[in-house]
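So the structure is just underneath, and the comments pick up after that.
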Amino acid sequence: MSRNDDDRFRVHPGAPKQRGDTFINQVLRQASKAGAKVAKAGGRPGSRLGRGHVAARFTGASQIAGSRRVTIKTRLVHLAKAGARSTATHLRYIEREGVGREGEPGKAYGPTTDDADLAAFEERGREDRHQFRFIVSPEDAEQLDDLRTYTRHLMARMEADLGTRLEWVAVDHWNTDNPHTHIVLRGRDDTGKDLIISRDYISQGMRDRASELAAEWLGPRTELEIQRTLAREVDMERWTSLDRTLQRETTHGRVLSTERLEAIPRLKCQRLLLIGRLQRLQRMGLTSERQTGEWVIHADAEATLRAMGERGDIIRTMQRAMSGQQHELAVFQPGQNDDGSGRSIVGRVAGKGLADELYDKGYLIVDGTDGKAHYVALPPRTELEQYPTGAVVEVKGSAAPRSADKTIAALAVDGIYRADQHLAVAKAQHNPERDPREVVEAHVRRLEALRRAGLVELKSHLPIERQARVIGATWLDQQLIGGGKGLGELGFSSKVKDALQQRADFLAEQGLAEKRGQRVILARNLLGTLRNRELAQAARDIAAETGLEHRPVTDGQRVVGIFRRSIMLASGRYAMLDDGMGFSLVPWRPVIEQRLGQQLAATVRGGGASWEIGRQRGVAP
């Protein structure tokens, strides 16, 4: 063969074709179906309950030195507890915008289709008791390239191990440093019974199968690849595989002797790297050398390193969202200021995403009026769609307890406050200066405020550039009325000041403001006028579409009708109530979202509405 480089070649293995059903797989399938009892006493309680416990005992035996590493995160979701919208929400999350290889939306696929019908999949699984959600993350996913075929091969091997056909959908994500695949598996086997998978298979067997498959595609990791990977871990400010090795080899009292590393053959080649890691942890204050060659690993080392890793991930996420703009970075911590008031920040949504994709925990990056970029962790199952990029939001922390809070706590039975019981107590303690119903309604409003405490409130779904020239009561109008208090000179604040100038010019064009030099004189009842103009135009559009007559609502008026739809306006979100002859537009609130098509009643007060749903009552902000 010529020594010329042009004549050299390197074999790059492609995706192997799906193997035939080997003898061992046939045996494992039949054993899983029969629930074979081959385990010896002393195993973990419950580890052999369910399908796959036999396969889990064999999968690790095929692992060889240099196996490809694959991380699998698993969540078992009990659908009754998770709520009716849990599956639909999760499927929408994993197929969201920007997760594809080129930044396009994710594309769901299944065993035999490249275009899975997620709505049909969700509907078929509504009566399932539970559901499995996996994140499969091969360390060398970039080299695998074809994650779709890899996932199908993996799920086919799982079917052999579990002895049943599986119904699943998956979406590949390429928007992180390490590409990965989300898999949603129905909790039913091919006979329609609940699919129970053993803990051993969930914790070990599935990962072994994924690792085995990756090694077949790419070949085992070479010693050089392993050493390079470990060398990168020496200085990492996060929990690493080197740390796991050190933790595993410690004796009582978290003591580790470097002589032990020399004595264990499999650790000999890693000895210098492990000592280097110990020295790095020492500089971080997480280990100490008691005497030469004898190290003590501090009890909080793992927790500290994991927290540092999360912090590093947050910083990188914020830097990407701010597109290189110079901002001080901060993580929002709900709590109180020195004066007892709740902490709050106002700003635009610069970025959003999922901090924990398995548990649907989202985050927002808020470009604040204080000149800082804030990372805001959202409660689980928060709908990210309600916070468009560019929208203006306010994030509120908790304030000091009020007297009403003590009353609510005293009246609550087993943690549940009932307005009807409070009304009976208030009538018995009649105060001629206050109506008992007003007392109860004040406490209901306080409960609503507490419910929203620490959450993100949408101030406007429109970016400030669009707010500047729109008919409707906007957040910019509120800033004009307040004189722009609290605005600084940096970042988002400077953009707000520019937008306020444009808004003032627009209002002057509409006859709602007068500019006198540097001063802007606003029309009386500016917000009400803008709101009414926008509502009137929206009502005309709906009347033309439906043929129904618009019935304007006055302050204090009670309206009854069927909740037909909600509309998003510059002034906020409104519900359309249809009484059969006409319709009214009433300020919307989240509690009615699940009541579409039902008859509701609302009383409009001061730009908000008090909604009546059955015997429940709530006050909209």
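Residue numbers (this note's numbering): 579 to 1199. Don't be surprised by glycine CBs; every beta carbon is placed ideally from N, CA and C.
Exposed or buried, what is residue i when buried is set at 16 or more other beta-carbons lying within 10 Å of its beta-carbon?
i	result
Leu654	exposed
Val991	exposed
Val927	buried
Pro757	buried
Thr818	buried
Arg711	buried
Lys846	exposed
Val833	exposed
Gly684	buried
Ala1180	buried
Leu869	It should be pointed out that residue 869 corresponds to Gln in this sequence rather than to Leu. So Gln869 counts as exposed.
Leu962	buried
Ser981	exposed
Arg702	exposed
Ser866	exposed
Arg1102	exposed
Ile761	buried
To the nearest angstrom, how far is the alpha carbon of residue i from that of residue j?
i	j	result
Asn1009	Gln1079	51 Å
His905	Ile893	12 Å
Ser1071	Thr829	56 Å
Arg730	Trp752	17 Å
Thr769	Ile672	28 Å
Arg1047	Arg889	40 Å
Gly1186	Gln1057	20 Å
Gln1135	Asp1083	35 Å
Pro843	Ala792	26 Å
Arg1118	Met1159	15 Å
Arg1167	Ala1002	28 Å
Arg1111	Gly929	32 Å
Ile1098	Glu1092	For clarity, residue 1098 is Val in the given sequence; the question names Ile instead. Distance between the alpha carbons of Val1098 and Glu1092: 6 Å.
Gly1200	Leu1036	Outside the modelled stretch of the chain, which goes from 579 to 1199, sits residue 1200, for which no answer is possible.
Ile713	Thr649	8 Å
Ala1006	Gly661	39 Å
Arg1151	Arg764	36 Å
Leu1126	Ile1042	34 Å
Arg1044	Gln1177	35 Å
Ile804	Gly688	33 Å
Val1137	Gly1184	15 Å
Asp723	Val749	14 Å
Leu1113	Ile1140	19 Å
Asp1260	Gly1060	Because residue 1260 is not part of the residues shown, which for the chain are 579 to 1199, the question remains open.
Val874	His668	43 Å
Asp1013	Ala988	20 Å
Leu956	Glu700	25 Å
Asp772	Leu1068	57 Å
Ala951	Ala899	9 Å
Ile602	Ser901	Its pLDDT being 49, under 50, Ile602 is placed unreliably in this model, and the value from its coordinates should be taken loosely. Straight-line Cα distance between these residues: approximately 53 Å.
Leu1054	Ala666	35 Å
Ile774	Ser781	14 Å
Glu675	Ser664	19 Å
Arg822	Leu856	12 Å
Suppose the cutoff is 7 Å on Cβ atoms and the five residues either side in sequence are ignored; what does the same chain contact list for residue i look like?
i	result
Met736	Leu744, Met784 and Arg787
Thr960	Gly940
Arg1143	Met1154
Val1203	The structure shown does not extend to residue 1203, since the chain is modelled only from 579 to 1199, so the question has no answer here.
Gln964	Leu1036
Can you round the beta-carbon distance between residue i and residue j to whole angstroms, since I take them to be within the 8 Å contact cut?
i	j	result
Thr759	Leu725	5 Å
Gly871	Ser835	6 Å
Pro912	Tyr937	Not confirmed; about 19 Å, so no contact.
Ala969	Ser1038	6 Å
Val1018	His1000	5 Å
Leu1264	Arg816	One cannot answer for residue 1264 here, as it falls past the ends of the chain, which runs 579 to 1199.
Leu1108	Gly1050	6 Å
For residue i, collect the residues of the same chain with a Cβ closer than 6 Å to its Cβ; drop the 5 residues on either side in sequence, then sort them by chain order.
i	result
Thr742	Asp767 and Asp768
Lys651	Ile713 and Leu936
Tyr728	Leu722
Glu717	Arg647
Gly925	Val944, Asp945, Gly946, Thr947 and Phe1070
Ala686	Glu673, Ala694, Leu696, Val747 and Val749
Glu1190	Ala1179
Ser645	Ser789 and Ala793
By Cβ distance below 8 Å, which residues in the same chain neighbour residue i in space, the five residues on each side in sequence not counted?
i	result
Lys1075	Gly1062 and Leu1065
Any chance the region 1162–1176 sits against the region 1114–1132, with 3 or more Cβ pairs inside 8 Å?
-> yes
Pair every Cβ in the region 702–710 with every Cβ in the region 655–667, then say whether three or more of these pairs are closer than 8 Å.
-> yes
The region 675–686 in contact with the region 844–863 per 3-pair CB rule at 8 Å | no
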